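Novice:
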Amino acid sequence: MMMEKFALRSRILLAGAAMSALLLAGAPAGAVTPADTLVEGFAIDDIISMDPGEAFELSTAEVTGNTYDLLVRLDLSDTSKVKGDLAESWTVSDDGLTYTFKLKPGLKFASGNPITAADVAYSFERAVKLDKSPAFIIDQFGISGDNVTEKAKAVDDTTFQFTVDKAYAPSFVLNCLSATVASVVDAKLVKEHVAAVTPSADYKWDNDFGNAWLKTGYAGSGVFKLREWRANEAVVMERNDNYFGEKAKLARVIYRNMKESSAQRLALEAGDIDVARNLEPNDLDAIAKNADLTTTSAPKGTVYYISLNQKNPNLAKPEVRQAFKYLVDYDALGSTILKGIGEIHQTFLPKGVLGELDENPFKFDVAKAKELLAKAGLADGFSVTMDVRTGQPTTGMAESIQQTLGQAGIKLEIIPGDGKQTLTKYRVRNHDIYIGQWGQDYFDPNSNAQTFASNPDNSDAGKTKTLAWRNAWDIPDLTKQTEAALLEKDAGKRATMYQDLEKKILDTSPFVVIHQQLEVAGLRKNLKGFALGPSFDSNFVGPVSKE
């Protein structure tokens, strides 16, 4: 809201030449953000950790994308390719198993410590041994805590070698190495902050690899460095003067946690923020008509969906899963809540990705849904809950679905929560229904296929916690098909395999994919160089300046 405590008028330099921070107090109406600071209103309540070996949330991806470097990064001029980030060049062995990277010379972390291949190797080691949610992106190449030091190793100070278990398509391997989990951390700095751990059956290492510290700390080399994260309040980033590339034009960037679209619009109009990031259609229209403001947008590789936990016996019935797909009023959502910020899209691969199937077979049909419910023995309906991250568009979507489900006798109770609450519950399979978004971890069809159509171990102890796992959907045959598609080198054949997977997910899955996101932002016209990327970790703010 406009009266949030964390506003932005005053800056106070703290004692000590090496440290400064922007402390924010209540700002009067008409306040202007500092000339050297970018302030964005953004719903960042999903942030759980700033450790790139653990972070797996969309908001965190944007922060890490600006504060950490990778060996390779998505090439925004051609998203079918990657380009070198810390890596100057790389080669692939004749057998397709070994990737050798040469680092650029003279690289430094924000701390001033040199970046070496040993730092890269340690970053891979800690991500794999920590075994947090994103570790599967590296694990899937046959990497484990027991072999990671041999499979991901420094040959010398400037040469890093990564060995995989199968001859995958090189583009797949490189795209995975562009994911946040492959961010390179300052090994010397992290090791100064490790905490001792007593090994157990679940965790056999004797230290936490700095995880407790890195949840709020920083050990990167990106164009910005993380100064502070206040949960549910703000993230503050400051320019990294040791950055190897073009330095950031502004001294700092602040993300204010602002969940309400109307509050963001009003703050933008008043000059309290420079960018509004979570706008609903009406506020977007109002900003577009304001002479002092402008808007920008970009299609995202992100789909919004609802998912049905198969541990719930009613939701596990195939007829019920299909009935839900007829109980979403797609047309109404597309013309109201999603107008200008999303496009109805019912398959798990977003448009623009190899193998994407542009089919939307489901329409709102209460009669059809009732017929399916009767077939499942639930003609009188049933009661169920849905966990919803408060804010738009999820709240509006949930309320619309609550109303349409009711027409078929399904009584839906909405359980609101912040991003951290809903995600934590979802990740341990304690929900009935979850509504949320899924963004690609890397630009390859396997990124979404693996999470929607693969579940190698459906037990509660399963290590590969895909969306299929989170919803207890046991699918050995689809899992095998997903693995086969991953190894197909012929692009045409591979695309056909993914289209077949999408058709099967449409027909049988506990997922109701609703739309693909069009990310929008409102901004003040004095901003230059602000652009939204195709993924959340490519919303780069280094080029942004103010007139």
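Take the position in the sequence shown, starting the count at 1, then add 27; the result is the number in my numbering. Every residue gets a Cβ at the ideal spot worked out from N, C-alpha and C, and that includes glycine. As the structure is a computational prediction, the values presented were derived from the model and not from experiment.
I need the DSSP call for residue 529, collapsed to helix, strand or coil.
Specialist: Within the sequence shown, the letter at position 502 stands for residue 529. Three-state DSSP puts residue 529 in a helix.
Novice: Could you compute how far the alpha carbon of residue 575 sits from the alpha carbon of residue 570?
Specialist: Here the chain covers residues 28 to 574 and nothing more, so residue 575 does not appear.
Novice: Determine contact between the stretch 462-481 and the stretch 331-345, defined as no fewer than three beta-carbon pairs at a distance below 8 Å.
Specialist: These segments touch.
Novice: Kindly provide the ranges of any alpha helix (DSSP H) runs that are 4 or more residues long and lie completely inside the stretch 406-468, ordered along the chain.
Specialist: Correct list: 421-433 and 446-454.
Novice: Is the stretch 363-383 in contact with the stretch 516-524, if contact means three or more CB pairs nearer than 8 Å?
Specialist: These segments touch.
Novice: Taking only the alpha-carbon atoms, compute the straight-line gap between residue 358 and residue 330 and give it to the nearest angstrom.
Specialist: The residue labelled residue 358 in the question sits at position 331 within the sequence shown. The residue labelled residue 330 in the question sits at position 303 within the sequence shown. If you take the alpha carbons of residue 358 and residue 330, they lie about 17 Å apart.
Novice: Quick check on the DSSP output: the beta strand (DSSP E) that includes residue 284 runs from which residue to which?
Specialist: Translated into the one-based positions of the sequence shown, residue 284 becomes position 257. Its beta strand (DSSP E) spans residues 279-284.
Novice: Counting Cβ pairs closer than 8 Å, one from the stretch 193-203 and one from the stretch 60-70, do we hit at least three?
Specialist: No contact exists between the stretch 193-203 and the stretch 60-70.
Novice: Going by alpha carbons, who is nearest to residue 113 out of 120, 554 and 100?
Specialist: Taking the first residue of the sequence shown as 1, we reach residue 113 at position 86. When each option's Cα is compared against that of residue 113, the closest is 100.
Novice: Do the stretch 113-133 and the stretch 154-161 touch if we need at least three Cβ pairs shorter than 8 Å?
Specialist: At 8 Å Cβ cutoff, the stretches do not touch.
Novice: Taking contact to mean at least 3 C-beta pairs separated by less than 8 Å, is the stretch 267-284 in contact with the stretch 336-345?
Specialist: At 8 Å Cβ cutoff, the stretches do not touch.
Novice: Over the uninterrupted alpha helix (DSSP H) stretch that includes residue 510, give me the two end residues.
Specialist: Along the sequence shown, read from residue 1 onward, the residue named residue 510 stands at position 483. Per DSSP, residue 510 belongs to the alpha helix (DSSP H) from 503-514.
Novice: Would a C-beta distance cut-off of 8 Å place residue 546 and residue 327 closer than the cut-off?
Specialist: As a working mapping, residue 546 is identified with position 519 in the sequence shown. As a working mapping, residue 327 is identified with position 300 in the sequence shown. Yes, Cβ-Cβ distance for residue 546 and residue 327 is below 8 Å.
Novice: Closer than 8 Å is the cut-off here; do at least three beta carbon pairs connect the stretch 255-262 with the stretch 140-153?
Specialist: In short, these stretches do not touch, since the Cβ pair count stays below three.
Novice: Write down the C-beta distance between residue 542 and residue 369 rounded to the nearest angstrom, noting that I regard them as a contact closer than 8 Å.
Specialist: One-based indexing of the sequence shown puts residue 542 at position 515. One-based indexing of the sequence shown puts residue 369 at position 342. Residue 542 to residue 369, Cβ: 4 Å. Contact.
Novice: Could you please give the first and the last residue of the uninterrupted beta strand (DSSP E) stretch that includes residue 373?
Specialist: Locating residue 373 in the sequence shown gives position 346, where the first residue counts as 1. Segment: none, residue 373 is in no beta strand (DSSP E) and carries neither H nor E.
Novice: Would you give the residue range spanned by the alpha helix (DSSP H) that residue 400 belongs to?
Specialist: One-based indexing of the sequence shown puts residue 400 at position 373. That run of the alpha helix (DSSP H) goes 393-402.
Novice: Which parts of the stretch 60-129 are runs of the beta strand (DSSP E), unbroken and 3 residues or longer, counting only runs that do not cross its ends?
Specialist: The stretch 60-129 contains these whole beta strand (DSSP E) runs: 64-69, 99-101, 109-111 and 114-119.
Novice: Helix, strand or coil for residue 324 per DSSP?
Specialist: Within the sequence shown, residue 324 is the residue found at index 297, counting from 1. Note: residue 324 maps to strand in three-state DSSP.
Novice: For residue 181, which residues does DSSP report across the bridge?
Specialist: By 1-based counting over the sequence shown, the position of residue 181 is 154. Note: residue 181 sits in a beta bridge opposite 187.
Novice: Are the C-beta of residue 490 and some C-beta of chain D separated by less than 8 Å?
Specialist: Reference to chain D is not applicable here, since this structure consists of a single protein chain.
Novice: Specify the secondary structure class of residue 329 as computed by DSSP and reduced to three states.
Specialist: Counting from one through the sequence shown, the residue named residue 329 turns up at place 302. In this structure, residue 329 counts as strand in the three-state DSSP scheme.
Novice: Report buried or exposed for residue 390, applying the criterion of at least 16 other Cβ atoms within 10 angstroms of its Cβ.
Specialist: To locate residue 390, count along the sequence shown from 1; it is residue 363. Classification for residue 390: exposed.
Novice: May I have the straight-line CA-CA distance separating residue 163 from residue 170, to the nearest angstrom?
Specialist: Position 136 of the sequence shown, counting from 1, holds the residue named residue 163. Position 143 of the sequence shown, counting from 1, holds the residue named residue 170. Cα to Cα, residue 163 sits roughly 9 Å from residue 170.
Novice: Hey, could you find the ends of the alpha helix (DSSP H) residue 538 is sitting in?
Specialist: Taking the first residue of the sequence shown as position 1, residue 538 is located at position 511. From DSSP, residue 538 is part of no alpha helix (DSSP H) but of the beta strand (DSSP E) over 538-551.
Novice: Counting along the chain, where does the alpha helix (DSSP H) carrying residue 348 start and finish?
Specialist: Here residue 348 is taken as the residue at index 321 of the sequence shown, counted from 1. It spans 345-352 - the alpha helix (DSSP H) in which residue 348 sits, taken as one unbroken run.
Novice: Tell me, which residues are paired with residue 150 by DSSP?
Specialist: Start at 1 with the first residue of the sequence shown, and residue 150 comes out as number 123. Looking at the DSSP assignment, residue 150 forms no beta bridge with any residue, so it has no partner.
Novice: Would you check if the distance between the CB atom of residue 584 and the CB atom of residue 562 is smaller than 8 Å?
Specialist: In the structure as shown, the chain starts at 28 and stops at 574, and residue 584 therefore has no counterpart that could be examined.
Novice: Reducing DSSP to helix, strand and coil, say where residue 271 ends up.
Specialist: Here residue 271 refers to the residue found at position 244 when the sequence shown is read from its first residue. Note: residue 271 maps to coil in three-state DSSP.
Novice: CA-CA distance, residue 80 and residue 229?
Specialist: The sequence position of residue 80 within the sequence shown is 53, counting from 1. The sequence position of residue 229 within the sequence shown is 202, counting from 1. Those two C-alpha atoms are separated by around 18 Å.
Novice: Here's the rule I'm using: 16 or more other beta-carbon atoms within 10 Å means buried, otherwise exposed. How should residue 494 be labelled?
Specialist: Looking up residue 494 in the sequence shown gives position 467. It is buried - the Cβ of residue 494 has at least 16 other Cβ atoms within 10 Å.
Novice: Do you know offhand how far residue 35's Cα is from residue 109's?
Specialist: Translated into the one-based positions of the sequence shown, residue 35 becomes position 8. Translated into the one-based positions of the sequence shown, residue 109 becomes position 82. Because the pLDDT of residue 35 is 35, which lies under 50, any placement of that residue in the model is unreliable, and the number read from its coordinates should be weighed accordingly. Straight-line Cα distance between these residues: approximately 37 Å.
Novice: Tell me which same chain residues have a C-beta within less than 7 Å of the C-beta of residue 319, skipping the five on either side of it?
Specialist: As a position in the sequence shown, residue 319 is number 292, starting the count at 1. Hits under 7 Å: 551 and 552.
Novice: Mark residue 17 as exposed unless 16 or more other C-beta atoms lie within 10 angstroms of its C-beta, in which case mark it buried.
Specialist: This structure leaves residue 17 out entirely; the chain is present only between 28 and 574.
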